[in-house]
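Okay, structure first, notes after.
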Amino acid sequence: FTEIANREQGIRSSTFSLSKTWYNRATTGAANWAIDGTNTAPSVIRAATEIDASLPANMKDNVYAFARAAFDYMADPSADSFVRYPNAQELYEMAVSSNFGEPPRNGDDCLAQGIGDCDEQSNAYMSIMRVKNVPTWYVFGALTAADYGRWEGHGWAYIMMPLSDKYCEEVGISLSSCYVEAPVDVVNKK
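FYI, in my numbering the residues of the sequence shown are 25 to 214.
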């Protein structure tokens, strides 16, 4: 985690992780952040704490280990923390209750309720990652059928994972560019 700021002259870090919150969905009153890695998001903090506690001592500072454990935390159907994708009726009810067009629920609500569509599960995953100051951002695109005859919109997360300083030096990669931009799609378990 300490190596994140050394990558890309800190641009990804300052753009996508210095603030633990993103996208205030409230029109009035208290903030309602879609992504919230602060103490105002108790389900997110609880998840990050449980994930961190599950890691062996020698992996506590490993971004990949934490990111993978966060993915498993949400995506494992046998776990109590599993966040499932809504069925068609639930999707319809969610759309009706949000007046068709309201933004997706925040990450904290998604984790607390154990259900969320692609945007909401991405909000939850990115909120967990922001607790640890890991740069993370949205990607939006299309899911298509194999023949490209049908498609639908989809959202997922990207995270920045620095490779270790030692590895970068051994293989001669500049620290500034020694990282991976990793896609994380909790809904599709990829």
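Where a beta carbon is used, it is the ideal one built from N, C-alpha and C, also for glycine. Model, not experiment: these values are computed from the prediction.
Residues bridged to residue i by DSSP?
i, result
"A181", "Y162 and V208"
"R108", "I139"
"Y191", "DSSP lists no partner for Y191."
"Y203", "P186"
Please look up how many angstroms separate the CB atoms of residue i and residue j, rounded, as I've assumed it's under 8 angstroms.
i, j, result
"R129", "K44", "No, R129 and K44 are not in contact; Cβ-Cβ is about 18 angstroms, not under 8 angstroms."
"V158", "S41", "6 angstroms"
"S151", "G138", "That pair is no contact at about 15 angstroms."
"A91", "I183", "6 angstroms"
"A166", "G177", "6 angstroms"
"M118", "P110", "6 angstroms"
"P180", "S146", "For clarity, residue 180 is Trp in the given sequence; the question names Pro instead. Indeed, because the Cβ distance is near 6 angstroms, the residues count as touching under 8 angstroms."
In whole angstroms, what separates the C-alpha of residue i from that of residue j?
i, j, result
"A136", "S67", "6 angstroms"
"I75", "D209", "18 angstroms"
"N201", "E32", "Checking the displayed sequence, the identity of residue 201 turns out to be Ser instead of Asn. Answer to the nearest angstrom: the Cα atoms are 6 angstroms apart."
"C142", "N30", "31 angstroms"
"W161", "T39", "9 angstroms"
"G61", "R49", "15 angstroms"
"G196", "N82", "25 angstroms"
"S121", "T51", "17 angstroms"
Locate the alpha helix (DSSP H) running through residue i, then write down its first and last residues.
i, result
"D171", "Segment: none, D171 is in no alpha helix (DSSP H) and carries neither H nor E."
"F90", "V87 to A99"
**Prompt:** What are the uninterrupted segments assigned as beta strand (DSSP E) that are 3 or more residues long and contained completely in the stretch 37-75, given in chain order?
**Reply:** Runs of the beta strand (DSSP E) spanning 3 or more residues and lying entirely within the stretch 37-75 occur at 45-48 and 57-60, in chain order.
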